[in-house]
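Below you'll find the structure, written out as structure tokens, and then a few comments.
Numbering (the numbering used here), first residue to last: 1062 to 1194.
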């Protein structure tokens, strides 16, 4: 009987491995006045989660010309606060069990390599074989 290959599972980082939503909202709201866009209200979060990024940009009236600088500021502040971010309850144990069974785990993300590395180290998640930013 042939040995079957071990499964490879690729996860998204923000919102799947790392529960970054609360931090992202906090940072966005801190930047809203400076970059002249609307703050995210608590009652909008559920609705915004269903929208595309283009629709979110329109909804919050984010000036398109300022998007690169806003993204730079968000990443910079995320880096400063990434150790505050946790995984979803129970996810760490599941990931470690998958790794222990020989499954190959990876991360695909738009977040920075440094943020992902810091998060993984801080949360004791040395179970990923690769990640791509």
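For every residue, glycine included, the Cβ atom is placed at its ideal position computed from N, Cα and C.
At the level of alpha carbons, what is the spacing between residue i and residue j?
| i | j | result |
| --- | --- | --- |
| residue 1152 | residue 1094 | 36 Å |
| residue 1168 | residue 1080 | 14 Å |
| residue 1086 | residue 1135 | 10 Å |
| residue 1144 | residue 1126 | 30 Å |
| residue 1194 | residue 1064 | 32 Å |
| residue 1150 | residue 1156 | 12 Å |
| residue 1137 | residue 1160 | 31 Å |
| residue 1107 | residue 1185 | 30 Å |
| residue 1082 | residue 1076 | 6 Å |
| residue 1091 | residue 1131 | 11 Å |
What do you reckon, is the C-beta of residue i under 7 Å from a heavy atom of the ligand SAM?
| i | result |
| --- | --- |
| residue 1071 | Ligands displayed in this structure: none; no statement on the ligand SAM is therefore possible. |
Sort the options by Cα distance to residue i and report the nearest one.
| i | options | result |
| --- | --- | --- |
| residue 1158 | 1084, 1169, 1187 | 1187 |
| residue 1146 | 1160, 1181, 1167, 1192 | 1181 |
| residue 1115 | 1128, 1104, 1156 | 1128 |
Tell me which same chain residues have a C-beta within less than 8 Å of the C-beta of residue i, skipping the five on either side of it?
| i | result |
| --- | --- |
| residue 1140 | 1173, 1175, 1176, 1179 |
| residue 1192 | 1074, 1167, 1168, 1169, 1170, 1174, 1177 |
| residue 1164 | 1067, 1068, 1069, 1070 |
Which residues in the same chain have their Cβ closer than 6 Å to the Cβ of residue i, if we skip the five residues on either side of it in sequence?
| i | result |
| --- | --- |
| residue 1109 | 1117 |
If I measure Cβ to Cβ from residue i and keep anything under 7 Å in the same chain, skipping five residues before and after, which residues do I get?
| i | result |
| --- | --- |
| residue 1142 | 1084 |
| residue 1190 | 1165, 1166, 1167 |
| residue 1148 | 1078, 1079, 1080, 1184 |
Decide yes or no for the touch test of the region 1086 to 1101 against the region 1122 to 1138: beta carbon pairs closer than 8 Å, at least 3 of them. Cβ pair count under 8 Å is three or more, so yes.
3-residue-minimum beta strand (DSSP E) runs that sit fully inside the region 1116 to 1175, ordered along the chain: Considered as a whole, the region 1116 to 1175 harbours 1165 to 1169 as its complete beta strand (DSSP E) runs of no fewer than 3 residues, in chain order.
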